[in-house]
Amino acid sequence: MTELIQVLVSGIASGLVYGLLGLGLSLVYRTTGVINFAHGDLAIAGGYVALTLTQAHVPVWIAAIVGAIAAGLLSACIERFALNHVYGRPVIWLILITVGVSLMLESGIQLVWGSTPSSLPSILEERTWLVGGVAITRSSILILVVSLAIIAALSWFVNRTKYGRGMRACAEDSEVVTLLGIPARRLYFGAFTISGFTAGIAGVLIAPKIGLLPNSGLSLTVLGFAAAIIGGLGNFSAAVIGGVIIGVLQTGIGVYVSTSYANAVAYIVIALVLLVRVRGLFGDNLEGVRSV
Amino acid sequence: MKKIRIASGRGAVWIAAACAVLVTAACGSTTGSGSADSAASPAASSAPSSGPASSAMPSSASSPSSASNAGGAIKVALPMPFTGPDAAFGAYAENAFKVALDQYASKLSGQTVSLIKADTKCTPSVAVQAINQIRGDSPLVATSSACSGDNLAMKPVVESEQLPMVVDSLSPNIVDGAQTMWQVTSTVEPIGAALAKYMAQHSVKSLSVIHDASSYGEAAATGIVDGSKAQNIKVADNLTYQLADTDYSAQILAAKKSSADAVYVEGYALQAANLIKQAKQLGLAVPIYASLDIDDPAAFSAGGSALNGVVFASSWIANDSAASQEFVKEYKAVAGSDPGVVPETVYESAVAILEAIIGAGSNPTRQTINDALAKVSVQLPSGPAEFDSNRVRKGANIYIGEVENNAVKLIGTL
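Those protein sequences? They're chains A and B, same order as listed. Going by our numbering, the first sequence opens with residue 631, and the numbers climb by one from there. Going by our numbering, the second sequence opens with residue 160, and the numbers climb by one from there.
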């Protein structure tokens, strides 16, 4: 039983980070229809910015916040300079542009920070509690608290503010949103900025665990994408649940079946969801909305 | 404002999924070299009809082995990963070569050596492109990539070009049957056997093995598994992970479940260190043994105090020999950090190449350099070096080290 609980705890801790990544992807998709393949690179860029600050003896938690903000600003720049001029084109254009941006970010990170693996110190001093034989790390608790805080803040923003409601409406009809007095492009800009910020947070949370390599972004994007698909692309809080499902499945299958199969889980679940329930487990019926 | 056109939900999601698969497939070996490496057999790598092996055939006008420097700089090929997740190897290699070239500047009798770099990305298919690109520059000799899969993929081109190549990667059997490939470092087989012997001496009766799924990872795991069996150590588990993994809980919990006396962790510096750190956090209390990359500064940075007490075997650990001390001092002056085993193996390759260039006389060709490699006899940081009739180094030591406070303590030499 202890082993099973440990599997759940470890799976949830890793899955929450995937969920945070999926949350940002979902927010951008919900607002703009774009799936941002540079999302994971934003997370890595945020981690590298934080690393630079820690090397300059800035306290880690401040460096982490600045790193997340830097990722948000970078994401805003991507929206403004790479995507802003091609809205209205087929969605494949936008997706391919984000793929290109991802490669550019990867190369840029390598140019600035080099190719040698680096490690970001943990925001909290590493410590593990044993509760009934189950190991719980301080970083796991931090990830849980941060994830819940971000979900709560985004829920409030999307449901209670004019711009948040505008973002939701954008998915249905951007023209109507414009007629209601909210420039759609401002919403797109906001969605990318917030999404980049959440990617940056995920980056500074996961970097102490996996280290920093210039090309790590793609694998983070894929995990975030899987979380978003499973939860329901467009439903950002469900993306967190999707991430947890992946994390728990990966850990559980690794322990009880074979570690060789654990990594296939995300891809298999994506395929199943796309085949059986394209809007995900908790997603809005965007397909139906868009077919109107 | 123009209404923004958005694809249908299903269409957009399928397009994105297709992009994810394509991009992941394209970069898969760079994020986790397992899949690409595992497909790295020479035949597979040169299979396309217009592929590298066929296009690499020498022209009939002149034999490749007669290629010479024709009075100019002697060209030495350096196919290495200069971009991608293993780009650090390329940087290490350049620094290591610089140390060797500085040391041999006065011994080359006025000959100059120029390096021809080509990026393999630690991806076999790219490595084949790299060696073909290099081929156009007519180098007289080459060092290998640090990635074993690259070297297996380049082997057909190297053979057809009769290009002498000094191999410094650690997977076994790379030079088998290739008349111009020379293995300068110990491979994972004797290294695994040495570590298993050490474990047996320290009462390890059962072992859980965790390794990455790259061809090197598989080879290292095979080395430790075979070595363990020879020492009557039961291998309780053989667990894998991908280099791009972000969490190792599954492997660690599976290893805990096996109740083995010890755990062996194979991996590149960052992954191995992160895995060990997470293992300690999850309460894995048994002794941890590791592969040789754990001596890398990147591993110390990632693992910190969690690496204390980790024991590993390696083809080289900084030791008291003059050659080792000189190399460490000069590498540090060039790179600004202590060398790990990767730059050291490239340095050994560079020294063997430079010795052969000297041995080949004033107008070296591929053939004379290849002949000279057979006669190389030099003291390297890992011990004396000569090649046997199979072009494999003989006389190399195996070192056992322990990590202690972000440094390596040499605890034995075999």
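Positions of the beta carbon are idealized from the N, C-alpha and C atoms, including for glycine.
- Between the segment 340-352 of chain B and the segment 553-561 of chain B, the count of Cβ pairs shorter than 8 Å is three or higher; the stretches touch.
- Chain B has a Cβ within less than 9 Å of the Cβ of tyrosine 648(A).
- The Cβ neighbour count for tyrosine 648(A), taken over all protein chains shown within 10 Å, is at least 16; the residue is labelled buried.
- The shortest C-alpha to C-alpha distance from glycine 877(A) to any of Leu850(A), Asn865(A) and Gly864(A) is the one to Leu850(A).
- Look at serine 373(B) here: in three-state DSSP terms it is coil, with no helix or strand label.
- With fewer than 16 neighbouring CB atoms inside 10 Å of its own CB, serine 785(A) falls in the exposed class.
- With the rule of 3 Cβ pairs closer than 8 Å, the segment 662-674 of chain A does not count as touching the segment 772-792 of chain A.
- Contact between the segment 858-871 of chain A and the segment 649-656 of chain A is established, with three or more Cβ pairs separated by less than 8 Å.
- In the DSSP annotation of this structure, the continuous segment of the alpha helix (DSSP H) that includes serine 825(A) starts and ends at 814-840.
- Rounded to whole angstroms, the Cβ separation of aspartate 454(B) and glycine 426(B) is 13 Å, and the two are not in contact under 8 Å.
- By the neighbour-count criterion, in which 16 or more other beta carbons inside 10 Å mark a residue as buried, glutamate 805(A) falls on the exposed side.
- The beta carbon of aspartate 404(B) falls within 9 Å of a beta carbon belonging to chain A, placing the residue at that interface.
- If you look at tyrosine 400(B), you'll find it in the beta strand (DSSP E) that goes 393-400.
- Your pair asparagine 845(A) and glycine 910(A) does not check out as a contact, with CB atoms roughly 28 Å apart and the cut at 8 Å.
- Rounded to whole angstroms, the Cβ separation of glycine 654(A) and threonine 828(A) is 4 Å, and the two are in contact under 8 Å.
- Here the alpha carbons of serine 752(A) and valine 688(A) stand approximately 13 Å from one another.
- Proximity of the segment 389-406 of chain B to the segment 353-360 of chain B meets the contact definition, three or more beta-carbon pairs being nearer than 8 Å.
- Approximately 5 Å separates the beta-carbon atoms of isoleucine 275(B) and lysine 234(B); this is inside 8 Å, confirming the contact.
- Just so you know, the alpha carbons of glycine 499(B) and alanine 782(A) end up roughly 47 Å apart.
- Inter-residue distance for valine 334(B) and arginine 552(B) is about 11 Å (C-alpha atoms, whole angstroms).
- At a cut-off of 9 Å between beta carbons, valine 885(A) contacts chain B.
- Listed in chain order, the non-local C-beta contacts of asparagine 478(B) below 6 Å within the same chain comprise Leu569, local neighbours out to five positions each way being set aside.
- Looking at the backbone, the Cα of isoleucine 674(A) and that of serine 770(A) are separated by about 19 Å.
- Taking C-beta atoms under 8 Å as the contact rule, alanine 511(B) and alanine 482(B) fail to qualify, at a distance of about 13 Å.
- Assignment of glutamate 425(B) by DSSP, reduced to helix, strand and coil, places it in the coil class.
- In this structure the segment 403-410 of chain B touches the segment 883-902 of chain A; the number of beta carbon pairs closer than 8 Å is three or more.
- Annotation for glutamate 507(B): the continuous alpha helix (DSSP H) segment containing it runs 500-518.
- In the DSSP assignment, lysine 491(B) falls within the alpha helix (DSSP H) that extends over 481-494.
- Chain B places a beta carbon closer than 9 Å to that of leucine 850(A), counting this residue as a contact.
- Excluding five sequence positions before and after alanine 814(A), the CB atoms of its chain that fall closer than 7 Å to its own CB belong to Cys800, Ser804, Val807 and Thr808, given in chain order.
- For the segment 425-447 of chain B, the residues whose beta carbon sits under 9 Å from a beta carbon of chain A are, in order, Tyr427, Ala428, Leu429, Gln430, Ala432, Asn433, Lys436, Gln437, Lys439, Gln440, Leu441 and Gly442.
- If you draw a 10 Å sphere on the C-beta of methionine 631(A), you find fewer than 16 other C-beta atoms in it, and that means exposed.
- Judged by DSSP in its simplified three-state form, methionine 631(A) adopts coil rather than helix or strand.
- If you check each beta-carbon in the segment 868-897 of chain A against every beta-carbon of chain B, the ones closer than 9 Å belong to Gly877, Gln880, Thr881, Gly882, Ile883, Gly884, Val885, Tyr886, Ser888, Thr889, Ser890, Ala892, Asn893 and Tyr897.
- Counting only Cβ-Cβ distances below 7 Å, leucine 398(B) has contacts in chain A at Thr889, in chain order.
- For the beta strand (DSSP E) assignment, the uninterrupted runs of no fewer than 3 residues enclosed by the segment 304-361 of chain B are, from N- to C-terminal side, 324-326 and 340-342.
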